[in-house]
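Asker: In this text, residue positions in the sequence shown follow full-length UniProt numbering: the first is 1, and each later residue adds one. Take a look at this one; I'll ask things after.
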Amino acid sequence: MIHDTHAFDDILQQARQLGALPMAVAHPCSREALLGAVEAADNGIATPILVAPQARLKKLADELEVDLRRFECIDAEHSHAAAERAVQLTRDGYADILMKGSLHTDEFMSAALARDTGIRTDRRISHVWVMKVESYPRYLFITDAAVNIEPDLMTKRDICQNAIDLTHALGIDKPKVAILAAVETINPDMRSTLDAAALCKMAERGQITGAILDGPLAFDNAISKEAAQSKGIVSPVAGDPDILLVPDLEAGNMLGKQLTYLAQAASAGIVMGARVPMVLTSRADDASGRLASSAIASLLAHQRRQAGGRP
């Protein structure tokens, strides 16, 4: 796939200007995971702390010609221990960012969300894809496509607020949220339309803050003013959204991957709702996407430092 390697240049520039923050990397024992940490360091975005079995890490570093003397390295017996130790570093305030290495997402998230030793908060965590599509004038934030499988209404409230908080950190003061469904009218047989209406009312009552919400909106009239006008939809969001809130993980995952593979969208991703921002690396991520994800996490971490703490 050919993506715009300069799609996130503005975000990268902001992160570089603010300076590197400590980033705990759990089990960076694959090519993609280790290079993701190295790229963040080379660009002045993060200072990686590599938590992994040292013999395995050294062997990989030698193969990739990475000088481990540049980084703080912490030995861990196996991937699960690496995840627990990396989480502890962020919990103790030693690191401001948490990055997943070459371990299963379930294993990583289990350590991060452990009730007594993890970094969970009162808010549900959720994943936000930040995508740049050539046919759209600015970033699209798609959520949640990686964590919450079939979110209920209150989980969707947290998913929505997490995405809003991310856009604020990236300089979007009043994002527009399109709450997606298959249709743009309320249908009691389609839970996604009822949830969309309820979320809009919750925003009116202050249960969701910092954004303009509308829904339900089908994808066509969410993204196209002409499509919305053809159906007589009068909306401050239709045709001009920043955030696309999907009804469930399957819909979000398919939407994001369709944009990636059919529209050559550049993408980065971040997990919100924990004490620190979390970067989920993937073997499918290209170098620019990995770097942009670290940069987004850095901007969030800097904002939280300026605010005097973590949520």
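Built from N, CA and C at the ideal position, the CB exists for glycine as well.
(1) Grab the span of the alpha helix (DSSP H) containing LYS37 for me, first residue to last.
(2) Is it the case that the Cβ atoms of PRO28 and LEU57 are separated by a distance below 8 Å?
(3) Pick out whichever of GLY232, ALA33, GLY273 has its Cα sitting closest to the Cα of ARG304.
(4) Please identify the residue among ARG31, TYR94, SER135 whose C-alpha is closest to the C-alpha of GLU63.
(5) Bridge partners of HIS104, per DSSP?
(6) With distances taken Cα to Cα, identify the nearest neighbour of LYS176 among ALA15, ALA182, ILE164.
(7) Once you ignore the five residues that flank LEU299 on each side, which residues in its own chain have a CB closer than 8 Å to its CB?
(8) Do you know offhand how far VAL271's Cα is from LEU280's?
(9) Does the Cβ of LYS156 have 16 or more other Cβ atoms within 10 Å, making it buried, or fewer, making it exposed?
(10) When you compare each of HIS302, ALA178, ALA26 to SER224 by their alpha carbons, which one comes out closest?
(11) Suppose you measure from the CA of ARG275 to the CA of ILE119; what does that come to, to the nearest Å?
(12) Which runs of the alpha helix (DSSP H) spanning at least 4 residues fall entirely within the stretch 164 to 252, listed in chain order?
(13) Could you tell me which of PRO277, THR5, ALA181 sits nearest to GLU134, measuring between CA atoms?
(14) Roughly how many whole angstroms lie between the Cα atoms of GLY93 and ALA112?
(15) Is it buried or exposed for GLN161, if we count other Cβ within 10 angstroms and need 16 for buried?
(16) The alpha helix (DSSP H) spanning ASP122 covers which residue range?
(17) Looking at the strands, I want to know which residues DSSP matches up with HIS302.
Answerer: Quick answer:
(1) Looking at the sequence provided, one finds Ala at residue 37 rather than Lys. Note, ALA37: alpha helix (DSSP H), 31 to 42.
(2) yes
(3) GLY273
(4) ARG31
(5) None, per the DSSP bridge assignment.
(6) ILE164
(7) ILE11, GLN14, ALA15, LEU18, ALA169, LEU170
(8) 7 Å
(9) buried
(10) ALA178
(11) 5 Å
(12) 191 to 204, 219 to 223, 225 to 230
(13) THR5
(14) 14 Å
(15) buried
(16) Premise fails: ASP122 is in no alpha helix (DSSP H) and is neither H nor E.
(17) Beta-bridge pairing links HIS302 to no other residue.
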